[in-house]
Structures are given as C-alpha cells and as structure tokens.
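> Below is one structure. I have some questions about it.
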Amino acid sequence: MTEHETLEQRLHEQGISRRSFLKFCAAMATMMALPPGSASAIAATLAKVKRPSVIWLSFQECTGCTESLTRSHSPTLESMIFDMVSLDYHHTLQAASGFAAEQAREDAMKEFHGQYLLLVDGSIPLKDGGIYSTIAGRTNLNMLLEAAQGAAAIVAVGSCAAFGGLPNAQPNPTGAVAVSDIIKDKPIINISGCPPIPAVITGVLAHYLTFGALPALDDQGRPKAFYGETIHDRCYRRPFYDQGKFAKTFDDEGARNGWCLYELGCKGPTTHNACATTKWNGGTSFPIESGHGCIGCSEPKFWDAGSFYAPLPAPTADVSSVAQAAAVVGAAAAVIVGAIDRGKKTAAQQSRKKLTVDDLKGN
Amino acid sequence: MEQELLLWVRGTGLQIASAVFLIGMVYRMLHILLLGRKHSLAQPRGSEWSGALRTLWKRTFVSTKLSARGNFTVITGFIFHIGFFVTFLFLSQHIDLIRAVLGLHWPAMPRGVIDMAAVLAIGAMVALLVHRFVDPVKRLLSDYQDYLTWALSFLPLLTGFMLLREIGFEYITLLTLHIASVELLLLVAPFTKLAHMFSTFISRWYNGAVNGFKGINI
Amino acid sequence: MSIDDISIKVTDLHSIGSIDALLNEIATRLQRFITQGETSMIDLKSLPFAPAEYEGLRTALGRGEASARLETIGDSELYETHYPGVWWVTHYNVEGDVIADLIEIAAVPAILHSQPEDVRDGLERLQQQLSQKE
Amino acid sequence: MSTSLQRGIDTLIGQIDAPTASFFTSCVHCGLCADACLFYTETNDPKYTPIHKLEPMRRLWQQEYTFWGKLMKKVGLSKPVTDAELAEWEPLVYDSCTLCGRCSLVCPVGNDIVYMVRKMREGMVASGHAPEGLKDSTQRAIELGSPMGLNLNTLKAQIKHAEKDTGLTVPLDVEGADYMMVLSSAEIADYPEIIGAVSRIFKQANVSWTLASDGFEGTNSGIQIGSSDLAAEILGRIVHAAERLKVKYVISPECGHAFTALRWEGPNLIGRPFPFQVIHIIELLDELRSSGRLKTEGVDETRMTFHDPCQMVRRGGVIEQPRNLLHMVAPNFVEMPDAGVQNWCCGGGGGVSANHRAEPVRIKVFSRKKAQLDAVNVQTIVTSCSNCRTMLLDGLENNHMDIEVIGLTELVAEHLADNAEGKAS
Chain D
6 MTEHETLEQR
16 LHEQGISRRS
26 FLKFCAAMAT
36 MMALPPGSAS
46 AIAATLAKVK
56 RPSVIWLSFQ
66 ECTGCTESLT
76 RSHSPTLESM
86 IFDMVSLDYH
96 HTLQAASGFA
106 AEQAREDAMK
116 EFHGQYLLLV
126 DGSIPLKDGG
136 IYSTIAGRTN
146 LNMLLEAAQG
156 AAAIVAVGSC
166 AAFGGLPNAQ
176 PNPTGAVAVS
186 DIIKDKPIIN
196 ISGCPPIPAV
206 ITGVLAHYLT
216 FGALPALDDQ
226 GRPKAFYGET
236 IHDRCYRRPF
246 YDQGKFAKTF
256 DDEGARNGWC
266 LYELGCKGPT
276 THNACATTKW
286 NGGTSFPIES
296 GHGCIGCSEP
306 KFWDAGSFYA
316 PLPAPTADVS
326 SVAQAAAVVG
336 AAAAVIVGAI
346 DRGKKTAAQQ
356 SRKKLTVDDL
366 KGN
Chain U
495 MEQELLLWVR
505 GTGLQIASAV
515 FLIGMVYRML
525 HILLLGRKHS
535 LAQPRGSEWS
545 GALRTLWKRT
555 FVSTKLSARG
565 NFTVITGFIF
575 HIGFFVTFLF
585 LSQHIDLIRA
595 VLGLHWPAMP
605 RGVIDMAAVL
615 AIGAMVALLV
625 HRFVDPVKRL
635 LSDYQDYLTW
645 ALSFLPLLTG
655 FMLLREIGFE
665 YITLLTLHIA
675 SVELLLLVAP
685 FTKLAHMFST
695 FISRWYNGAV
705 NGFKGINI
Chain G
43 MSIDDISIKV
53 TDLHSIGSID
63 ALLNEIATRL
73 QRFITQGETS
83 MIDLKSLPFA
93 PAEYEGLRTA
103 LGRGEASARL
113 ETIGDSELYE
123 THYPGVWWVT
133 HYNVEGDVIA
143 DLIEIAAVPA
153 ILHSQPEDVR
163 DGLERLQQQL
173 SQKE
Chain W
535 MSTSLQRGID
545 TLIGQIDAPT
555 ASFFTSCVHC
565 GLCADACLFY
575 TETNDPKYTP
585 IHKLEPMRRL
595 WQQEYTFWGK
605 LMKKVGLSKP
615 VTDAELAEWE
625 PLVYDSCTLC
635 GRCSLVCPVG
645 NDIVYMVRKM
655 REGMVASGHA
665 PEGLKDSTQR
675 AIELGSPMGL
685 NLNTLKAQIK
695 HAEKDTGLTV
705 PLDVEGADYM
715 MVLSSAEIAD
725 YPEIIGAVSR
735 IFKQANVSWT
745 LASDGFEGTN
755 SGIQIGSSDL
765 AAEILGRIVH
775 AAERLKVKYV
785 ISPECGHAFT
795 ALRWEGPNLI
805 GRPFPFQVIH
815 IIELLDELRS
825 SGRLKTEGVD
835 ETRMTFHDPC
845 QMVRRGGVIE
855 QPRNLLHMVA
865 PNFVEMPDAG
875 VQNWCCGGGG
885 GVSANHRAEP
895 VRIKVFSRKK
905 AQLDAVNVQT
915 IVTSCSNCRT
925 MLLDGLENNH
935 MDIEVIGLTE
945 LVAEHLADNA
955 EGKAS
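Protein chains in written order, with our numbering: chain D, 6 to 368; chain U, 495 to 712; chain G, 43 to 176; chain W, 535 to 959.
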C-alpha cells in the first residue's frame, strides 16, 4: 500500500521544480480544455491534494482502453498523473497476481471505503446470470456491485462501460449493459470512445483531483469539456461541408484536396468528442486528418448505426424491401376496396328509379 | 437517447413511414382508377391520349388571365414548388439518401443555390399561409386539412434549412427533427390532399382526355 | 513507392479562413494589453487547424528578436514573434511530443519568470554550499 | 315515387367516378377557379368560387369513397349532407353556373370542375332541389315538345313564312335525305330567319336535307336541369326521327347546349352509338366553304366581333370554323380580348336563362361581356348560339348599348353568291 501524501510533497521529494510543475499544469489546462491562463490556479490546488485510491475493474472488454492510456501518452506526463493517484488495483497493470491481486483490491476497498475512485472499462453481461465474463470465479456484475458500494464516484472508461459498446451491439448475445444500467446511486462519469482519447481519461482524473468534484456532464454523462462539441463542429474540413464540397471516393480529386468526408460515411456531425482538437498519438492527427471519416465511436449504439461508410442520410434499415411489400399491400387493398366501392356504385345506379317529369311536379 | 432516437428515425421510423406512405398512396391512386368511368359512346373527333398528354404538361402553366390575387397564388405557388423540389432533389445529402435507397444518383447543385431555393420556398409558404388567412376565397375554401398539410410541408423545409445552417439546436437534434418531420409528412400525405402530388397527374389526364376526345386543343 | 509518391496537395488556405480570424483575435488582445495591461493566452490545440494552416500561421506571425529555451521535464521553446508582445510558447515532453502550444500576449511569458518557491529552494542550496565551504 | 334527399344522395353516389374522385383528391383549395368564373369576378363574392359549388358532393365522396371519410362516418364524426344544405346550394349550382367550363381551364391540378357540376345537378334534381324555372321548361319540353311551349304548328307557320320569303321549298320529313336539320326553340320563336337562311345556303351548295316533324326541337332542358333520364327522353325524339328518315347526318342548330346534348352526351344518354353523325351547322358551313360549295359575294364593312358560345368553343372544339366563315364576308372583323377558348360566357347558358330567379345576378355579371365589348368598339356582334344571342340582346339593352346582334348563319346567307335562283355556276 502506498502512502497518500500530497502531490506537492512528492514532487518536491523528486526534485521537480515549481516551474516544471507550472508547465505541467499548463499542459493539463490545455488537456482539460480550460482557459490556458488557469494553469497557476490549477497548480495551487493540485499541490495540496491528497492522492486518492483508484480501483480499476476491467470487465467484458478488449484492453484497448488501457492500451490507449498507457501506450499513446508521453511517459513523463503519465507518470505525473499516476503520481497523483494511487492505482491500487488494475489486473492488467499491477505486478501482483492471483489471490494477492484480489487481496489488494479488497484491502483498498476496506481502507478507503466511500473515498476511492472506481474506474471501469468493459461492459457487464447480464444474461444467464452473468456467466459470460468472470474474474477470480466471480461474475462482473457481482464484482461491480461490491466495488461500487464504497466508491466516491465511478468513471466508466470507454464506450463499453459507458454505453454497452461492441458487446451490446445487435444481437447482444451476452446481454451486455453499461455501468449506468446497473448502478443508479453513485455519480457516474462516462468517458466514451473506442478507445477514449487518453488525454481525456487523465484530464478527467486531473479535474477530479483539482476541483474535488466531477466536471460538468452532458445528458450522456460525459464531461462537457471534452464532449461538448461535435467532431464536425471542430473539424478543420468543416468549411468544405458548408460549401458542399465532398469527397466521393477515398481516392478521388476531392479526397486528395482534403474535402469533407460526409458522403463517405463520416459520422462527425452526430459524434461528440474532442478528437478534432486534442488529436491522437501525442497530438499527431486524428482519423479525419488521415483521410478517414469519423465512425462515431464515442456515441451510444454506434455499432448498430449502419455501415461506417454509409452517409448519415442513408437509412439504417432496409427500406427498399419494405417499400416493395407496401406497394403490393396497397395494390391489393385497392383492388379489394375498389371492388366493394364499385359494387356500391353499381348498386346505387341500378336501384335508382328513372326520373320522370312527374317527379319534378311532385316536389 | 438522442442517438437512439436518430437511429430509430433512420431505421424503423423510416420503414414505417415509407410503408404507410406507399400502402396509402398506391391504394389511393389505384382506388381512384378502379372507380372507373364510362367510355363515351359519342364519335370521337380527336385522341384522348394526345389531349391527356398535352394537358399533363401544359397545365403546369396557367394560361388564363388572372386577377392580382390569382397571379400571386400562381407565382408564389411556383416559387414554393420549385424551391421545394430543388432542395429535395438537388441537395447532396438528399441524393445520398436516394442513392442508398434506389441506387440512382445525379449531380448535386451548389449549396448557394440550395440555400436560396430553401429560403424562397420558406418565404413563399409563409406568404401563402398569410394569403390563406386574408383572401376571402381561400378562407372560405380552407378547412383544418389546409393548415395541417401546410404545417406538415413547412416543417421539413424549416428543419432542413436549420440543419444546413445548424441554427437553434445541435446537428443531431436537427437531423432527428428533420427526418421525423419528413416521416410525419409521409405518414399523413396519402390520407390528405397532399395526395395531389400524384393525383394531379390523374386529374390532368382525365381533364385533357375529355378535351382530346372532342378534338379541342387546349 | 515512397511517401513522396502520394500526391497530397496543400489546400488553398483562404478557403478555410481560420488564420485571418485568429490574427484578428491576436490584434484585439494586443490592443487590450497596450491599453489595460491585460495579458492573455490562446490555446492553439483547441483550434481546429488544417495541417497546412498551422504552418501558415507560423509564417504569418514570423519571428522576432527574443527567444528562450526551458529545460524542464522535457524542453520548452519560447520566442517572440514579429509582433512584439506576441509570444509563441511550445511545451514538449521528454520524448519531444508537443504537450501544449500557446500564443501568449505579454511582455514576458509567465513561465519564464523565476518562481518564488524555486528561488527559495535555490537560496537554500546556495547557503548550504556556502556553509559547506566554511 | 317523388324526389327526395335519399334519392339525390343515391344518385350522386352513382355519379361519382374515377375523374370525380381524382379531382376532389387533387384540389388544394388554391382558389384560382374563382378568377375564371364571371360570377365571382363580377361580384367578388367568394361563395361563387366554382369548386365551392360542389362542397356537398365533395363531402359525399369523402364519406363514401375514402378511407378516413368512411371511418369518420362509421364513428359518427362526419357531417352528413342535409336537405337544408342542398337547398342552400341550389342557387350556387344552378343560378350562378352556366356550365361554361372556364374554371376547368384554369385549375392547375387539372380538375374538370364543370364536369362535376353537371354530375352535381343530377343529384340536385333527384333530391328535388332544381329551380322552378328550369323545372317548368323541362316539363314543357317533355309534355309539349319544347321548353318554350312551341309545337309543330308553330314550326309549320314559320316554314310557310320562309318559303314565301325565299321562294324555296323547305323539305319536311324527307326520307333518305343526307342531313336532318334540328332547330332551337329560340330560333323557331324569335329568329325564324334561320330557316330561310339555311334553305338558301343548302340550295346553293346542293345539300340534301330535311326537317323532321317529330324531331325538330334541339334545345335540351334535361341537360340543363341535369337529369340524364329527362335529357334522354327529349333527345330520343331526334334520334327516333333521324332513324325514321334514315339520314346520314343530324345538324345541330346554333344552340350551345343542344350541340353538347346531341354531339357529346347523346349516345351516352340513350346508351348506344348513333347510326348517324352529328355536325354543328357552323362546322357544316365551313366544310362547304372549304370544299368550294359555299360561295359568297360582297362584304359587310361593318366593324364586327364574334362571341364564342362556350359549348361550341371551349366544350365543343368549334373554334376556327366561325372565323373562316367571318373572314369571307367581314373585312372589319376584330377579336374581343379573351376570344376563343378563353371567351367569357354571355351569362345565360346552362339553364340560367330559363331560371327567373337567376335574372338579377345574370344581369349583373353581364358587366364582363360589356367590358370585352367596350374594348373593341364594334357595331355588330356575330354569334352562333341563339341563347347567347338572346342574352346579348338583353344585356346590351340593360346597359343601353347600341350594338346589333346577328347569327353567323344568317350573315353568311346574306352574302350568298348569286342570290337569284338558278344562277349557280
């Protein structure tokens, strides 16, 4: 177990200068999409916080979220961020294994009951008693319910934990659900994405540490600072969209000119994420910059929203067959009702008495 | 929730709307035709077909001299219909949809043209609504359906324009609203006078056929 | 096939137009700095730039007389642009990735100032050294 | 059994066909038809909007032939057509519609509105909501043989006059003649000169023709009141006479509705094709002209114009023929504005002239014709419908306009080459 002293103490012990710390805070401000001038305010707070305990549970997932966090970020910054927290359980990253690992989790849960931050990646299968994903002989559901009880807040990392993700896609054989489908009585923050932008994970942690509270969330439970705007809103190719200039194939003139990828299936307009500005791989680029449309991975149900290469206006279901069947039904109905109505008409004509001049007089 | 709604209107919603629209329209048009008419026993002086085809085309343009209110109706009506069809058929996003459903596609018009067409169509619709309120003839003729169908035709135009410009709401909300408004239009069209989008051609055919039969070049 | 064989064209920057918007913003801030002494920063990473635009901005702002270099955890590069009072501040991590890219409107970038805590630490170290010599 | 609401409704249900359903489906209430109707343009009263005149029939269509309409009727949410409503609509359907068909020309969705008014009248008369004047004239047509109460004796007297004037024999009941001439009541009563005129023209052109003692009256009140049964009875006499005399052609007189009744509705009324052809007198004259059998001499320098009868031009397709004839004899012929298919009705067609109740509105809307005439400043109006002729004379008198009105056939006859007999070359 690590001691939970303040960050300032730890940095000082490591001989890191105040200026370095300020620079780190400037980077943090950038990451959290806060005004760049707020670095010193962040520094003042961060220096005094105590490192909270973090328990990271991985359920029905592909480890992509962990990979994203550990691989693509600058080691120094990552270490600084992990300096800020005490990662007491993460079955991929921790050195301990087997009973020792589970013991560490249980110890942390006991010691920091009501204070630890619970990070979850992966969805939770509910079908058949949740047997489709187990750790140490316990179902994910069971472990989540237990760990959630003492958590101060839960961070659902990645689209699987946030919205159900790939396991939840049709036909969802394991009955996979999101954390928020199970836990209703704890603050949950969704960091969606498949995987989420690593800087967003660390940014949210930093925010929690800096302000001691969860950041402002949108109606999907995602931090507004990162998910407040769409990829489309912040896309450098947006002017081409407004001008109606679209690449029609991946190797046409439009694609080479860097025109909008809307017609190639870009889901940027309906996807909330920070890719267009935060970018990936240490700020190198993001999918659209590489010439591929956004697949909308940070939105619920993105696997079920039709082909990644079908444009947004295209239907997500088979309309043509329905239309053909409908036309046949309509025609059949017309023939039947038409025959009835013609019968009514003919009856009216036949039963009609011939009008005579006496009829005119009689009235 | 928003994504789910969008997914629904792009999928199941669209299926339901298209099915109702097609069942209703095919039923309605075929029912009209099946009601039949007596073929005249009089000796024809011309061909029904030539008269019918001529009227089908020529009635697009009203040849009769009209009063100021009549001209207003014709011109505004024209602007609305042209604007509506330009935005409907030549906005690249709509062509994407048509290509996805029917496999047909054609070149899109520049966004400037589409924007102008949409603004003109919206303006014309507002003008026509105001005219419906103030013109004694239209006021007398109008019933609830006239206002209902006006609203249902207006909403797709308005939400579509807002969507292109991202006015008022987020893209996803506007896209959902736009598709939903079109679906509403599809659902109601066969059962209201919006059915004129097809029956007009039947009407013109019959009207022209009578004149063609009589050999009247109108 | 090498990377040069892939034909990538530089987009016409004026068709996007974010550079002009940003230069206007800088001018406005510079005006406020002169009249009210208000310093400020612009986070370039928060702006949706096309790759070519980024270079376009560098060209537009140019390079002035002063520059500085920090060796913190990773380097930092600071230089005054062709417009005095407008600084371009880039922070790198130890691997050389950009972790923050800022335009700062100020007489001197804040990060360049010596920090009181560091000054105190330095004094302590100096005194320690002196006391050892005694 | 007499007329009743139910009988009217049943009749209407039988009348609604594919075109009617299509027209009601298509109407978008744009109100353009008002602009085409002289009853609206001259009064500015929206109730005269043509499509509005069909409102009860539209509702019946909706309730009987549409999905929602049937549903609403089942749950009792629809407004049934009542006797009171039909009574209210009677003046709209009869007094302020001359079946001129101008509205059918203007409708942008292509509705043939007058086609439906004709059907609407079938229901109106069956429900007992026809104007007294039209009922009376129809009754006279059925019982006495002519809406104006004329009989064979009247005709014989007029024939005698004509024979005396022209020195020609007017053929009556000549079996095997090529053409059987039919007259309108107005011609027999008010413009008998026509008998002499056609006698002379046919003599010159060497046309084999006859009148029939049992089928000389062409005016069909049955069409005007809107009863196919009565129209068929009236028409049956002409068909019977033509078949008896074994003629090849029946000539429609200068009367608009007589032409429509004979030419277009006739075979449908009796339910079988005619064994003879029907031709309008003006069509025949133009045929004679183009084949060189009709020759004129001298011209009338008077400035004149031509009033197109609606049933001849817009509903009948006889458009160029009268002009061809006029150009032979009238060098100063001018067209009125809107001449041809767009011409404005005299105001008295479609039975309006026989409907006394309609007289005030008919006189009022003559202002449209007056405006047309004011634009050309003529001394003479030529027309080819005796009813139009009467309406024009009436309108001119009411408006104190000094313009002569003559029939086209008479005008041609006045200028026949070699007026004297036997001079034919």
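For each residue, glycine too, the CB sits at the ideal point set by N, CA and C. Computed from a prediction, not measured in an experiment: that's the story for all the values here.
Quick check: what's the CA-CA separation for ARG24 of chain D versus LEU652 of chain U?
For the purposes of this step, residue 24 of chain D is taken as the residue at position 19 of the first sequence. For the purposes of this step, residue 652 of chain U is taken as the residue at position 158 of the second sequence. Approximately 54 Å, taken between the alpha carbons.
> I'd like to check one pair, VAL640 of chain W with LEU539 of chain W: are the Cβ atoms closer than 9 Å?
What you label residue 539 of chain W is simply residue 5 of the fourth sequence in a count that begins at 1. What you label residue 640 of chain W is simply residue 106 of the fourth sequence in a count that begins at 1. Taking 9 Å as the Cβ cut-off, LEU539 of chain W and VAL640 of chain W do not qualify as a contacting pair.
> Decide if SER541 of chain U is buried, meaning its Cβ has at least 16 other Cβ atoms within 10 Å, or exposed.
As a working mapping, residue 541 of chain U is identified with position 47 in the second sequence. Exposed, by the Cβ-count rule.
> How would you list, in chain order, the residues of chain W whose beta-carbon sits under 9 Å from the beta-carbon of GLN497 of chain U?
For the purposes of this step, residue 497 of chain U is taken as the residue at position 3 of the second sequence. Under the 9 Å cutoff, chain W gives no residues; its nearest Cβ is about 35 Å from GLN497 of chain U.
> Report buried or exposed for VAL704 of chain U, applying the criterion of at least 16 other Cβ atoms within 10 angstroms of its Cβ.
Here residue 704 of chain U is taken as the residue at index 210 of the second sequence, counted from 1. Buried, since its Cβ has 16 or more Cβ neighbours within 10 Å.
> Identify whether TRP264 of chain D lies in helix, strand or coil by the three-state DSSP scheme.
For this step, residue 264 of chain D is matched to residue 259 along the first sequence. DSSP places TRP264 of chain D in coil when its eight states are reduced to three.
> Going along the chain, which residues of the segment 148–166 of chain G sit with their C-beta nearer than 7 Å to a C-beta in chain D?
ILE153, GLN157, GLU159 and ASP160
> From ILE937 of chain W to PHE900 of chain W, what distance separates their C-alpha atoms?
Position 403 of the fourth sequence, counting from 1, holds the residue named residue 937 of chain W. Position 366 of the fourth sequence, counting from 1, holds the residue named residue 900 of chain W. So the two alpha carbons sit approximately 14 Å from each other.
> Applying the criterion that 16 or more other CB atoms from any shown protein chain within 10 Å of the CB defines a buried residue, is ARG698 of chain U buried or exposed?
Taking the first residue of the second sequence as position 1, residue 698 of chain U is located at position 204. Flag for ARG698 of chain U reads buried.
> Could you work out which residues of chain D lie near LEU508 of chain U, taking near to mean beta carbons separated by less than 9 Å?
As a working note, residue 508 of chain U is residue 14 in the second sequence. What LEU508 of chain U touches in chain D: PRO320, THR321, ALA322, VAL324 and VAL327.
> Return the CA-CA distance between ALA52 of chain D and VAL503 of chain U, expressed in angstroms with no decimal places.
Numbered from 1 along the first sequence, position 47 holds the residue referred to as residue 52 of chain D. Numbered from 1 along the second sequence, position 9 holds the residue referred to as residue 503 of chain U. Using only the alpha carbons, I get a separation of about 50 Å.
> Could you spell out the range, first to last residue, of the beta strand (DSSP E) harbouring ARG111 of chain G?
In the third sequence, the residue the question calls residue 111 of chain G occupies position 69. Secondary structure note for ARG111 of chain G: its beta strand (DSSP E) is the uninterrupted segment 109–114.
> My guess is that TRP129 of chain G and GLU146 of chain G are in contact by the Cβ rule of under 8 Å, so how many angstroms apart are they, rounded?
Reading the third sequence from its first residue, position 87 is the one you call residue 129 of chain G. Reading the third sequence from its first residue, position 104 is the one you call residue 146 of chain G. The pair is a contact, with the Cβ atoms about 4 Å apart (cut-off 8 Å).
> I'd like the list of long-range same chain contacts for GLY3 of chain D, defined as Cβ closer than 7 Å, with 5 residues on each side in sequence excluded.
Beyond the ends of chain D as shown, which are 6 and 368, falls residue 3 of chain D; an answer cannot be given.
> Should GLN549 of chain W go down as buried or exposed, given a rule of 16 or more other Cβ atoms within 10 Å for buried?
Indexing the fourth sequence from 1 puts residue 549 of chain W at position 15. Taking all protein chains shown into account, GLN549 of chain W has 16 or more neighbouring C-beta atoms within 10 Å of its C-beta and is therefore buried.
> Ignoring anything shorter than 4 residues, give me the alpha helix (DSSP H) runs that lie fully in the segment 899–951 of chain W, in order along the chain.
901–908, 920–932 and 942–948
> Once you ignore the five residues that flank GLU268 of chain D on each side, which residues in its own chain have a CB closer than 8 Å to its CB?
Locating residue 268 of chain D in the first sequence gives position 263, counting from the first residue. Excluding sequence neighbours, GLU268 of chain D sits near PHE251, ALA252, LYS253 and PRO316.
> Would GLU294 of chain D count as contacting chain G if we go by Cβ distances under 9 Å?
As a first step, residue 294 of chain D is located in the first sequence; it is residue number 289 there, counting from the start. GLU294 of chain D counts as touching chain G.
> Rounded to whole angstroms, what's the CA-CA distance from GLU622 of chain W to LEU594 of chain W? Just pull it up for me.
Reading the fourth sequence from its first residue, position 88 is the one you call residue 622 of chain W. Reading the fourth sequence from its first residue, position 60 is the one you call residue 594 of chain W. Computed Cα separation, rounded: 16 Å.
> Of all the residues that make up the segment 122–151 of chain G, which are near chain C by a beta-carbon distance shorter than 7 Å?
The structure shown contains no chain C; its protein chains are D, U, G and W.
> Which runs of the alpha helix (DSSP H) fall wholly inside the segment 577–604 of chain W and span at least 4 residues, in chain order?
List check, alpha helix (DSSP H) in window: 589–599.
> If contact is defined by three or more beta carbon pairs under 8 Å, each pair taking one atom from either stretch, is the segment 789–801 of chain W in contact with the segment 835–846 of chain W?
yes
> Rounding to the nearest angstrom, what Cα-Cα distance links ASP256 of chain D and SER290 of chain D in this structure?
Counted from its first residue, the first sequence places residue 256 of chain D at position 251. Counted from its first residue, the first sequence places residue 290 of chain D at position 285. Their backbone Cα atoms lie some 19 Å apart in a straight line.
> Mind listing the chain U neighbours of HIS563 of chain W? Cutoff is C-beta to C-beta under 7 Å, in chain order.
Position 29 of the fourth sequence, counting from 1, holds the residue named residue 563 of chain W. Neighbours of HIS563 of chain W on chain U, chain order: LYS632, LEU635, SER636 and ASP640.
> Spell out whether any CB of chain U is found under 9 Å from the CB atom of GLN225 of chain D.
For the purposes of this step, residue 225 of chain D is taken as the residue at position 220 of the first sequence. Yes, GLN225 of chain D lies at the interface with chain U (some Cβ there is under 9 Å from its Cβ).
> Assuming GLY941 of chain W and THR917 of chain W are in contact, meaning their beta carbons sit under 8 Å apart, how far apart are those beta carbons, in whole angstroms?
Within the fourth sequence, residue 941 of chain W is the residue found at index 407, counting from 1. Within the fourth sequence, residue 917 of chain W is the residue found at index 383, counting from 1. Between THR917 of chain W and GLY941 of chain W the Cβ distance is about 7 Å, and since that is below 8 Å, they are a contact.
> Would you report the Cα separation of ALA218 of chain D and SER295 of chain D, rounded to the nearest angstrom?
Residue mapping note: residue 218 of chain D aligns to position 213 of the first sequence, counting from 1. Residue mapping note: residue 295 of chain D aligns to position 290 of the first sequence, counting from 1. So the alpha carbons of these two residues sit roughly 36 Å apart.
> Could you tell me which whole alpha helix (DSSP H) segments of length 4 or greater appear in the segment 531–584 of chain U?
With a minimum length of 4 residues, the continuous alpha helix (DSSP H) runs that stay inside the segment 531–584 of chain U are 542–552 and 562–584.
> Could you tell me which of G:ASN135, G:ALA102, G:THR123 and G:GLY98 sits nearest to LEU112 of chain G, measuring between CA atoms?
Against the third sequence, residue 112 of chain G aligns to sequence position 70. Minimum Cα distance to LEU112 of chain G is reached at G:ASN135.
> Name the residue from U:VAL631, U:THR554 and U:THR667 whose alpha carbon lies nearest to the alpha carbon of LYS581 of chain W.
Translated into the one-based positions of the fourth sequence, residue 581 of chain W becomes position 47. Among U:VAL631, U:THR554 and U:THR667, the Cα nearest to that of LYS581 of chain W is on U:VAL631.
> Could you please give me the residues that DSSP links to SER290 of chain D through a beta bridge?
The residue you call residue 290 of chain D lines up with position 285 of the first sequence. SER290 of chain D is bridged to D:TRP285.
> Does SER312 of chain D pass the burial test, meaning 16 or more other C-beta atoms within 10 Å, or should it be called exposed?
Residue mapping note: residue 312 of chain D aligns to position 307 of the first sequence, counting from 1. Exposed is the call here.
> Taking only three categories from DSSP, how would you classify LEU55 of chain G?
The residue you call residue 55 of chain G lines up with position 13 of the third sequence. Model confidence at LEU55 of chain G stands at a pLDDT of 46, short of 50, so the residue's coordinates are unreliable and nothing is read from them.
> From the DSSP output, in three-state form, read off ASP590 of chain U for me.
In the second sequence, the residue the question calls residue 590 of chain U occupies position 96. Helix at ASP590 of chain U.
> Between the segment 349–356 of chain D and the segment 648–662 of chain W, are three or more C-beta pairs nearer than 8 Å?
no
> Pull up the distance between the alpha-carbon of SER693 of chain U and that of ILE517 of chain U, whole angstroms please.
Position 199 of the second sequence, counted from the start, is the residue given in the question as residue 693 of chain U. Position 23 of the second sequence, counted from the start, is the residue given in the question as residue 517 of chain U. Straight-line Cα distance between these residues: approximately 15 Å.
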